[in-house]
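Q: I have a structure I would like to understand better, so I am pasting it below and will then ask my questions one at a time.
In this note's numbering, the protein residues as written are 108 to 641.
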């Protein structure tokens with residue numbers, strides 16, 4: 108364990124912005140966390156100005172081992188990626204460094220405290236804090252000028268690289284040809300989710316509903332009826348994975364740059380491991396370790412809209428995000444949130460009659476389609492499952508909830524709209540206790556969780572790994588923020604074999620009123636959030 112964890116305040120002008128620093132770094136481990144931005148046309152109450160870049164590994168921690176974490180200095184920040192569930196026996200992706208939930212104390216953590224001006228986070232005008240955790244007794248000068256200076260020194264060259272079209276070949280049916288003329292076998296074409304898989308889920312849920320009604324009408328024992336109802340599958344989230352190959356070893360970084368620009372109100376993240384570090388506990392960077400990732404590296408990255416939980420001195424925020432339709436907007440404009448309640452109030456002031464579905468997005472959107480979305484029983488049912496599960500779990504942990512709006516808001520992203528309900532309150536728990544209990548939510552698994560996971564494992568032909576798990580950061584005192592890892596991809600780099608593999612993920616919630624074809628279309632729509640950037 109590190110003998111010393113120190114923090115130092117530095118001049119922000121001497122550092123590139125968080126994304127550029129992450130790209131410039133060469134290390135056996137590097138991590139990026141950029142919180143959702145705020146904007147003047149956004150009603151989202153979520154607010155954070157802390158961005159993080161982690162370099163190297165001083166120590167691993169298990170999310171369940173709070174006693175050890177709480178012995179660290181209170182100002183310490185840990186970064187982590189916690190998988191969707193325990194590893195399955197599926198062949199791909201392998202997720203070598205993401206099989207178990209791990210929080211990482213970086214050897215060097217650059218903490219950007221931004222100044223938010225006009226909705227944009229300006230890291231140059233804020234504060235930069237350096238958290239240094241070293242197992243030896245190097246002086247601060249040695250750390251800064253022998254290690255960090257080298258990292259930053261690489262930045263100017265990489266900043267000048269252009270982000271052109273990526274050289275991508277889809278990994279099905281054909282063997283891709285690389286720039287160097289070599290050919291490799293096409294990736295394994297593992298079975299894709301099909302309409303009959305979704306129909307099987309719909310049928311199982313509908314059968315459970317019929318059984319529930321039958322028990323309600325015929326069984327004289329109320330306790331037995333309640334038990335039977337809880338056993339029935341009510342919702343399951345099924346996902347697809349698509350695999351590609353490329354010869355471009357900078358694919359992940361280029362996609363991350365595009366995601367950062369296109370999804371400013373999402374949490375942008377990346378966790379990159381060079382080599383297999385699963386078995387290591389204390390990992391001091393040694394000679395040559397900084398260049399390992401150039402040969403072999405796994406990078407899990409994305410831009411996710413779904414807040415799992417944020418905590419600040421016992422106050423928490425979480426968000427139910429479920430229910431989806433296409434927005435009809437193909438532009439690359441920044442995403443916004445339309446607040447249904449505020450729109451209703453504005454309509455009432457103008458003398459307009461506003462029902463439950465009253466909402467007013469920008470003129471490019473069809474108001475009738477938005478109202479239909481808010482009144483759609485299938486979408487509202489899917490959304491209610493998530494709200495109810497979050498409320499039930501948080502209440503069981505002793506949370507005191509503030510009033511929750513019965514009317515969802517509209518969360519607007521490029522090409523897609525979601526129903527969203529914010530949940531806030533007070534809770535006397537460490538954030539990791541909440542993460543362990545909340546994840547996986549019904550937004551990414553289903554109801555009841557155990558039944559949904561069993562159906563997922565039987566139906567999906569790939570390892571979810573970090574996808575739909577939790578990503579974020581925390582302090583020993585219990586503060587922090589975690590998001591559900593959606594709109595994400597896994598990039599596996601192996602330059603010695605001239606192969607780089609790219610895996611995209613997306614899913615959809617299946618309920619009794621779902622239509623199999625529409626759910627498959629929704630999955631492809633979500634997957635295009637990243638895949639479309641190619």
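Cβ atoms here follow ideal geometry from the backbone N, Cα and C, with glycine treated the same way. For clarity, every value in this text was computed on a predicted model and none was experimentally measured.
Below 7 Å between beta carbons: does that hold for residue 205 and residue 573?
A: In contact: residue 205 and residue 573 (Cβ atoms closer than 7 Å).
Q: Count the CB pairs spanning the segment 362 to 369 and the segment 548 to 562 that are closer than 8 Å, and state whether there are at least three.
A: As far as the Cβ criterion goes, the segment 362 to 369 does not touch the segment 548 to 562, which means the pair count is below three.
Q: Under the three-state reduction of DSSP, which class applies to residue 567: helix, strand or coil?
A: Here residue 567 sits in coil by DSSP.
Q: Quick one: is the Cβ of residue 577 within less than 6 Å of any heavy atom of the ligand PLP?
A: You won't find the ligand PLP in this model; it holds no ligand whatsoever.
Q: Below 7 Å between beta carbons: does that hold for residue 616 and residue 344?
A: The answer is yes: Cβ separation under 7 Å.
Q: Which residues in the same chain have their Cβ closer than 6 Å to the Cβ of residue 261, if we skip the five residues on either side of it in sequence?
A: Confidence at residue 261 is low in this model, with a pLDDT of 45, below 50, so the placement of that residue is unreliable and no value is reported for it.
Q: Indicate whether the contact test is met: 3 or more Cβ pairs, each with one atom in the segment 170 to 181 and one in the segment 411 to 430, closer than 8 Å.
A: Touching, no.
Q: With a 10 Å radius around its C-beta and 16 neighbouring C-beta atoms as the bar for buried, classify residue 287 as buried or exposed.
A: Caution is warranted here: a pLDDT of 34 is assigned to residue 287, below 50, making its placement in the model unreliable, and the coordinate value is therefore given only provisionally. The residue is exposed, with fewer than 16 neighbouring Cβ atoms inside 10 Å.
Q: Which word fits residue 510, buried or exposed, when buried means at least 16 other C-beta atoms lie within 10 angstroms of its C-beta?
A: Label assigned to residue 510: exposed.
Q: Output yes or no for whether 7 Å exceeds the beta carbon distance between residue 75 and residue 133.
A: A question about residue 75 goes unanswered here, because the residues of the chain that appear run from 108 up to 641.
Q: Let's see if you can read the secondary structure: which residues bound the alpha helix (DSSP H) around residue 627?
A: First-last of the alpha helix (DSSP H) with residue 627: 623 to 638.
Q: Which residues share a DSSP beta bridge with residue 572?
A: Answer is none; residue 572 lacks a bridge partner.
Q: With a cut-off of 8 Å, do at least 3 Cβ pairs link the segment 424 to 432 to the segment 618 to 628?
A: No: the two stretches stay apart, fewer than three of their Cβ pairs being nearer than 8 Å.
Q: Confirm, please, whether the CB-CB distance from residue 569 to residue 348 is below 7 Å.
A: In contact: residue 348 and residue 569 (Cβ atoms closer than 7 Å).
Q: Which of helix, strand or coil does DSSP assign to residue 525?
A: Three-state DSSP puts residue 525 in a strand.
Q: Specify whether the segment 490 to 501 and the segment 529 to 546 touch according to this definition: at least 3 beta carbon pairs, one from each stretch, less than 8 Å apart.
A: Yes, the segment 490 to 501 touches the segment 529 to 546.
Q: In the DSSP assignment, find the alpha helix (DSSP H) that holds residue 125 and state where it starts and stops.
A: Counting along the chain, the alpha helix (DSSP H) containing residue 125 begins and ends at 125 to 131.
Q: Compute the distance between the beta-carbons of residue 162 and residue 213, then report whether it is under 7 Å.
A: The answer is yes: Cβ separation under 7 Å.
Q: When burial is assigned at 16 or more other CB atoms within 10 Å of the CB, is residue 317 buried or exposed?
A: Flag for residue 317 reads exposed.
Q: Please report the distance separating the alpha-carbon of residue 644 from that of residue 623.
A: Residue numbering for the chain in the displayed model covers 108 to 641; residue 644 lies beyond these limits and cannot be assessed.
Q: What residue does the alpha helix (DSSP H) around residue 477 start on, and which one ends it?
A: 474 to 482 is the extent of the alpha helix (DSSP H) around residue 477.
Q: Closest by CA to residue 305, which one among 625, 358, 492?
A: Closest option to residue 305, Cα to Cα, is 625.
Q: Can you find the residues in the same chain that come closer than 8 Å, C-beta to C-beta, to residue 636, ignoring five residues on each side of it along the sequence?
A: Once the five neighbours on either side are set aside, the close Cβ partners of residue 636 are 370, 410, 520, 521, 522, 523, 594, 613.
Q: How many whole angstroms separate the CB atoms of residue 492 and residue 341, which I take to be in contact at a CB cut-off of 8 Å?
A: Indeed, because the Cβ distance is near 7 Å, the residues count as touching under 8 Å.
Q: Among the candidates 209, 202, 203, whose CA atom is the shortest distance from the CA of residue 186?
A: Residue 186 has its Cα closest to that of 209, out of 209, 202, 203.
Q: In this structure, does DSSP put residue 352 in helix, strand or coil?
A: Strand, per DSSP.
Q: Our contact map puts residue 512 next to residue 528 with C-beta atoms below 8 Å; I'd like the distance itself, whole angstroms only.
A: That pair is a contact at about 6 Å.
Q: Enumerate in chain order the residues of its own chain whose CB-to-CB distance from residue 506 is below 6 Å, with the five nearest sequence positions on each side excluded.
A: Closer than 6 Å at Cβ, skipping near neighbours: 532, 534.
Q: With distances taken between CB atoms, is the gap from residue 627 to residue 610 smaller than 7 Å?
A: The answer is no: Cβ separation not under 7 Å.
Q: So, for residue 197: in the same chain, excluding its five sequence neighbours on each side, which residues have a beta-carbon less than 6 Å away from its beta-carbon?
A: Excluding residues within five positions, the ones whose Cβ falls inside 6 Å are 569, 570.
Q: Shortest alpha-carbon distance to residue 66 belongs to which of 434, 630, 382, 641?
A: Nothing can be reported for residue 66, as the shown portion of the chain is limited to 108 through 641.
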